[in-house]
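Counted from 1, the sequence shown has number 107 at position 107 by the working numbering; the numbering is strictly sequential.
We put the beta carbon where it would ideally sit given N, CA and C, even for glycine.
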Amino acid sequence: MTDLVRNAARIAKDVESEGTVYRITRGGRGSMVLVDNEYYEGWMAAIDEMRRPDWRETLAQARRDAAAGRGRNLDVIAKELGLEGSPHPRSRTPARRTSRARRKKSR
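Next comes the structure, spelled out in structure tokens:
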């Protein structure tokens with residue numbers, strides 16, 4: 001939490017431009033996760049799909065189709081639809097840990 005307060009601008013830049021995922025801790029325990037909106041929306045879409053009662057069967061069929069070579073390449077579909085950029089999410093990097101000065105041990 002301290003690093004977030006001290007480095008908010010850099011952390012926001014990392015999240016927005018690099019796709020870095022930050023796990024914020026309070027009292028040494030995980031408290032929240034900071035991600036960009038695109039990543040969040042992807043997870044929300046996946047959760048929404050998993051609310052369907054038949055999601056396991058749908059996923060299994062999609063995997064069988066992919067293994068059998070049925071289906072179309074996502075890059076081709078994106079190009080046909082005129083979508084800009086790559087349809088694949090950029091890889092996410094873990095947040096850098098900042099070094100801290102160690103306290104002197106008291107006697």
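- Annotation: the continuous alpha helix (DSSP H) that includes M50 extends over N37 to M50.
- Sequence-distant partners of M32 (beyond 5 residues in either direction) whose C-beta falls short of 6 Å from its own C-beta, in its chain, are I24.
- Only exposed fits D48, as fewer than 16 other CB atoms lie within 10 angstroms of its CB.
- Boundaries around T2 are those of the alpha helix (DSSP H), T2 to R6, since no beta strand (DSSP E) includes it.
- D65 and V76 have their alpha carbons spaced roughly 17 Å apart.
- According to DSSP, G30 shares a beta bridge with T25.
- L34 has its alpha-carbon roughly 15 Å from the corresponding atom of R6.
- Assignment of R10 by DSSP, reduced to helix, strand and coil, places it in the helix class.
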